[in-house]
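Q:
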Amino acid sequence: MRLVIGGTLAGAAALGTFAVVSVNAGSSPSAAARSEAAGENLARSTHLSIDAACRAAQAVLDAAAKENQRVAVADRNGNAVVTLRGDGAGPQSYEAAEKKAFTAVSWNAPTSELVKRLENTPKLKDIPGTLFLGGGVPVDAEGAPIAGIGVAGAPSGDLDEKFARAGAAALDK
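Take 46 as the starting number for the sequence shown in my numbering and just add one per residue.
1. For the beta strand (DSSP E) that Gly195 lies in, which residues bound it at each end?
2. Would DSSP call Asp221 helix, strand or coil?
3. Relative to the C-alpha of Leu169, which candidate in Ala215, Thr148 and Lys218 has its C-alpha closest?
4. Alpha carbon to alpha carbon, how far is Ser90 from Pro200? Give it in angstroms, no decimals.
5. Per DSSP, which one or two residues make a beta bridge with Asp185?
6. Any beta-carbon of chain B closer than 8 Å to the one on Ala186?
7. Once you ignore the five residues that flank Pro155 on each side, which residues in its own chain have a CB closer than 7 Å to its CB?
8. State the start and end residues of the unbroken alpha helix (DSSP H) segment that holds Ser138.
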């Protein structure tokens, strides 16, 4: 079983980048003014903690073990926070789980519901990194999606989604 779960980490795209800003030291604004200006220029984001990711991952593993299935779970960007691999996971399950998680969090909807949208908008499936099969669920915080749990490897998308929901439910405890 292969399990990868997580939330999008703020600033991941900026890793390895360095910037320098130079200002005139002649008229230095007060600390309060600098803080206020910084606040206007910053965006805050929420992501899963490592503890939350581990709880969700373990819940998926526990639910899948009860059904004697092997699954994979991934975050929407493929940025693994937790990776667990059990016996018997197929090599395709890792990529499928990543894509299901990405798809679920991108549209903030379970992938089983998104499959139905393909009837009216079949070109959705052409978006790179997506997979419109059951087994992906979004994770929300403060009214916005922060991660996706995608499960692959069970004989049906219904089972994959059941296990993904078990992982998401563990975060509510």
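Cβ atoms here follow ideal geometry from the backbone N, Cα and C, with glycine treated the same way.
A: Looking at the atomic coordinates:
1. Ala189 to Gly195
2. Residue coverage of the chain in this structure runs from 46 to 218, which leaves residue 221 outside it and unanswerable.
3. Checking every option, the nearest Cα to that of Leu169 belongs to Thr148.
4. 36 Å
5. Pro190
6. Included in the structure is just one protein chain, with no chain B present.
7. Excluding residues within five positions, the ones whose Cβ falls inside 7 Å are Ala149, Gly181, Val182 and Glu206.
8. Pro136 to Trp152
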